[in-house]
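Student: Got a structure for you, questions after.
There are 2 protein chains.
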Amino acid sequence: MTEENRCGAGKVLIVGAGAIGAFYGALLAKAGAEVSVVCRSDYDQVKQHGFLIESHTLGTWTFAPSQVLSNAADYKGTADYVLLCTKVIPSADRVALIRPAVSAETAVVFIQNGVEIEQEMLAAFPDNEIISGLAFICCNRVKPGEILHLAYGRLALGNLPGVVSHKTRQLCELFRQSGIDCTATENIVTERWKKCVWNAPFNPLSVLSGGLPTLDILQSQEDFVRNIMQEICNIAEACGHHLSSHIVNANIENTYAMPLYKTSMLLDYENGHPMETEAILGNAVRAAKRLEVACPHLESVYALMKLRELQLAELHKKYNPQYREPVSHRPDD
Amino acid sequence: MTEENRCGAGKVLIVGAGAIGAFYGALLAKAGAEVSVVCRSDYDQVKQHGFLIESHTLGTWTFAPSQVLSNAADYKGTADYVLLCTKVIPSADRVALIRPAVSAETAVVFIQNGVEIEQEMLAAFPDNEIISGLAFICCNRVKPGEILHLAYGRLALGNLPGVVSHKTRQLCELFRQSGIDCTATENIVTERWKKCVWNAPFNPLSVLSGGLPTLDILQSQEDFVRNIMQEICNIAEACGHHLSSHIVNANIENTYAMPLYKTSMLLDYENGHPMETEAILGNAVRAAKRLEVACPHLESVYALMKLRELQLAELHKKYNPQYREPVSHRPDD
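In the order they appear, the protein sequences are chains A and B. The opening residue of the first sequence carries number 1 in my numbering; numbering runs sequentially from there. The opening residue of the second sequence carries number 1 in my numbering; numbering runs sequentially from there.
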């Protein structure tokens, strides 16, 4: 790594150094950037030993962040990029998580799932460059400070509104130097909708079915899956993002060709973690309502996910001594 | 009980003497009929000791069936009525279960849930009187041969096609003598759709939510529940069964007024028993397709129930040594 690269790379703060954040942070560090991390649950381990990255395609290495922090407010210096890599869930305030580390010159980058998640950032940081990012990757945190990168890794980055800035190109270049495919696109919002075409059916259906892999879902209920996919295309269209008419067929065919696969939402569900129901489904349904696009299948799936989440919350109440077990005293239904 | 009553009552064979069958059989016996039962799982217990019926409203008594059989083919004599009281599930052949005991003079009665469950019986027994029945009752089998009747008990009976025959009136009269409200109706098929307005949302939503009682479902997703109810009304209308425009509101209000309640489908689900998905949802969706009525919310709920059932079936395969656990090796979704 030359000194020139290191200078061009600049300073990066990763907020939410779970599997995705730690992996991409490790890549940027490899490419010469000065990378710090905010991580909460694994703070002690990472502070002492850094991250161990084991990648099936890029080898194994240790990533020792420049600063290991439990809060963005503790960041010393001025970040060129703040990369938010948390899940998008109602309990995590995306703006508050990064605000203390965002200076006038900082580009705010988020590598996160979901649709219509830009406005919150644009509103909170009206004078900063905002870069929206999507990761197509399979990697897991196997234990504190240990990240296993199983496959893929492509990133798509683009500015809001739809342009590609110098800083975005620079970030792309760094990722490419580290061995990862990274695309700069003027249509990052369209890319989000495209990803949502797959996520909107398979993520919730894997949870609501009680854990079926994607192939079983497709083989049993292809029409239902297609209906949800088409509704996402219709909402995207109304939002000004035309998706190719082949996208539904292509997603169906690709999913038939995939090996047995558990969705990320199912993994969250099985591990008792909060799910990205609002970012993926809620935001799409709200966009549909705003633009008066019918999406009854998507709406049904969203309603059922809300019920499932409510039931998970109720389970906790069982330990409350005031809890009454439901009883049957209604005519047989 | 006078001898006259006993003669008028005639001979009844109950097929499927679970909670519902045993309870209504016990009532008919109380009113003077000669009641036999086909019961499989509790055969030994019932053969030796009969049924113990404990009713919160009608007292406690023992019901000693005239014949206790494990198969309808063993029935001796000619039944005036064969009452089928099983759940309506694909694995139980309704016609085969009763055929050996159905003679030319036998009225075929079914006290079962679901819509569009008549045709199968009409086709199988074209020369017999067919009486369709609906029970509004809360009763459980608490252990082999012991039935607990918690509340309600109203029956609606009607012939197919829509008339009320002498035999139906006679059966109604017997039930009334035993202390149970029984209505003879020329619109029993309409009654089935009415019951379905409540069942179609609450039964599957209680299962798919993972066990929420009806009030929680309603408080969280009233619009979704209303959409499903309205779709059932639209399908019923297309089938020639006009339901009052107030039925959706009335069902919503009644459910708000109900105490915490677990649906019968949820109880089946929790006990690992097959669910009446096809009788309640599948038949309604098929009627909608036949008559080209849109029902996207109902369709979604049905598709998800099929996925849930598929997953329950897959769970069994886990014990098969050839089973492969699904793994994640796709770009993060």
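Beta carbons are placed, not taken as given, at the ideal position from N, Cα and C, and that holds for glycine.
1) A/V142 by DSSP, collapsed to three states: which one?
2) Is it true that the CB of B/L69 sits closer than 8 Å to the CB of B/V38?
3) Please determine, among B/P259, B/C138, B/P144 and B/G59, the residue with the shortest C-alpha to C-alpha distance to B/A17.
4) So the alpha helix (DSSP H) B/Y43 belongs to, where does it begin and stop?
5) Under a Cβ-count criterion, where at least 16 other Cβ atoms within 10 Å of its own Cβ denotes burial, should A/L84 be classed as buried or exposed?
6) Can you give me the C-alpha to C-alpha distance between A/P213 and A/L260, rounded to a whole angstrom?
7) For a contact defined as C-beta to C-beta under 8 Å, what are the partners of A/R308 on chain C?
8) Take A/A184 and list the residues in its own chain whose beta-carbon comes closer than 6 Å to its own, dropping the five residues that flank it on each side.
9) Quick one: give me the first and last residue of the beta strand (DSSP E) that B/A184 is part of.
10) Taking only three categories from DSSP, how would you classify A/E231?
11) Taking 8 Å as the threshold (beta carbon to beta carbon), is B/P296 in contact with chain A?
12) Would A/D216 be called buried (16 or more neighbouring beta carbons within 10 Å of its own) or exposed?
13) Quick one: which residues of the segment 275-303 of chain B get their C-beta closer than 8 Å to a C-beta of chain A? List them in chain order.
14) Could you tell me whether any Cβ in chain A is nearer than 8 Å to the Cβ of B/S220?
15) Can you tell me whether DSSP reads B/H242 as helix, strand or coil?
16) Measure how close the beta-carbons of B/D80 and B/A107 come, nearest whole angstrom, since I'm counting them as under 8 Å.
17) Report all residues from its chain with a CB closer than 7 Å to the CB of B/H166; omit the five preceding and five following residues, and keep chain order.
18) Anything in chain A within Cβ reach of B/E335, meaning under 8 Å, just list it in chain order.
19) Which residues in the same chain have their Cβ closer than 6 Å to the Cβ of B/A19, if we skip the five residues on either side of it in sequence?
20) Nearest to A/A287 by CA position, among A/C239, A/A135 and A/K47, is which residue?
21) Output the boundary residues of the alpha helix (DSSP H) element that contains B/V248.
22) Closer than 8 Å, Cβ to any Cβ of chain A: which residues of the segment 5-38 of chain B, in chain order?
23) In chain A, which residues lie with their C-beta within 9 Å of the C-beta of B/L58?
24) Looking at the C-beta of A/K318, does it have a partner C-beta in chain B at a distance below 8 Å?
25) How should A/T60 be labelled, buried or exposed, when 16 other C-beta atoms within 10 angstroms of its C-beta is the threshold for buried?
26) Give a yes or no on whether the minimum CB-CB distance between A/F224 and chain B is below 8 Å.
27) Mind reading off the beta-carbon distance from B/C295 to B/E231? Whole number of angstroms is fine, and I expect it under 8 Å.
28) Please check the pair A/M275 and A/S206, which I expect to be a contact at CB under 8 Å, by giving their CB distance rounded to whole angstroms.
29) Can you pull out the residues from the segment 193-205 of chain A whose beta carbon lies closer than 7 Å to at least one beta carbon of chain B?
30) With DSSP as the reference, label A/E118 as helix, strand or coil.
31) Just reading off the beta strand (DSSP E) that A/F175 is part of, what are its end residues?
32) Can a CB atom of chain B be found closer than 8 Å to the CB of A/I217?
33) So with CB distances below 9 Å, who are the chain B contacts of A/E120?
34) Within 10 angstroms of its Cβ, does B/D127 collect 16 or more other Cβ (buried), or is it exposed?
35) By how many angstroms is the C-alpha of A/D42 removed from the C-alpha of A/R308?
36) Excluding sequence positions up to five away, which residues of its chain have a Cβ less than 8 Å from the Cβ of A/E105?
Tutor: Taking the structure as given:
1) In this structure, A/V142 counts as strand in the three-state DSSP scheme.
2) Yes; because the gap between Cβ atoms is below 8 Å, this pair is in contact.
3) Restricting attention to B/P259, B/C138, B/P144 and B/G59, the CA atom closest to the CA of B/A17 is found in B/P144.
4) DSSP places B/Y43 inside the alpha helix (DSSP H), whose first and last residues are Y43 to H49.
5) So A/L84 ends up on the buried side.
6) Whole-angstrom Cα-Cα distance: 6 Å.
7) Reference to chain C is not applicable here, since the protein chains of this structure are A and B.
8) Within the same chain, Cβ atoms closer than 6 Å to the Cβ of A/A184 are found at L157, V164, T168, R169 and C172, the five residues on either side in sequence being excluded.
9) Taken as a continuous stretch (DSSP letters only), the beta strand (DSSP E) holding B/A184 covers C182 to A184.
10) Secondary structure of A/E231 (DSSP, three-state): helix.
11) Yes, B/P296 counts as interfacial toward chain A.
12) Counting the other Cβ atoms within 10 Å of the Cβ of A/D216 gives 16 or more, which makes it buried.
13) Here the close residues are P296, H297, E299, S300, V301 and A303.
14) Yes, because at least one Cβ of chain A sits closer than 8 Å to the Cβ of B/S220.
15) DSSP places B/H242 in coil when its eight states are reduced to three.
16) Contact check for B/D80 and B/A107: beta-carbon distance about 7 Å, within the 8 Å limit, so the pair qualifies.
17) So the list is empty, once near-sequence residues are dropped.
18) An answer regarding residue 335 of chain B cannot be provided, because it is not within the stretch 1 to 333 covered by chain B.
19) Cβ neighbours of B/A19 within its own chain (closer than 6 Å, five residues either side excluded): C139, N140, R141 and I147.
20) Nearest of A/C239, A/A135 and A/K47 to A/A287, Cα basis: A/C239.
21) Per DSSP, B/V248 belongs to the alpha helix (DSSP H) from I247 to A257.
22) For the segment 5-38 of chain B, which is checked against every Cβ of chain A, the residues closer than 8 Å are I20.
23) Here the premise fails: no neighbours, minimum Cβ distance about 15 Å.
24) A/K318 does not count as touching chain B.
25) Flag for A/T60 reads exposed.
26) With 8 Å as the cut-off, A/F224 counts as an interface residue toward chain B.
27) Right, the Cβ-Cβ distance comes to about 4 Å (below 8 Å), so this counts as a contact.
28) Not a contact, Cβ separation roughly 11 Å.
29) Of all residues in the segment 193-205 of chain A, W198, N199, F202, N203 and L205 have a Cβ within less than 7 Å of some Cβ in chain B.
30) DSSP, reduced to helix, strand and coil, places A/E118 outside both helices and strands of the structure shown, so it counts as coil.
31) The continuous stretches of beta strand (DSSP E) do not include A/F175, which lies in the alpha helix (DSSP H) extending over residues H166 to Q177.
32) Output row for A/I217: interface = yes.
33) Near A/E120 there are no residues of chain B at all, since even the closest Cβ is about 21 Å away, more than 9 Å.
34) Counting Cβ neighbours within 10 Å, B/D127 comes out exposed, since fewer than 16 surround it.
35) If I take the Cα positions, the gap works out to 29 Å.
36) In chain order, T78 and D80 place their CB closer than 8 Å to the CB of A/E105, counting only its own chain and leaving out the 5 sequence neighbours on each side.
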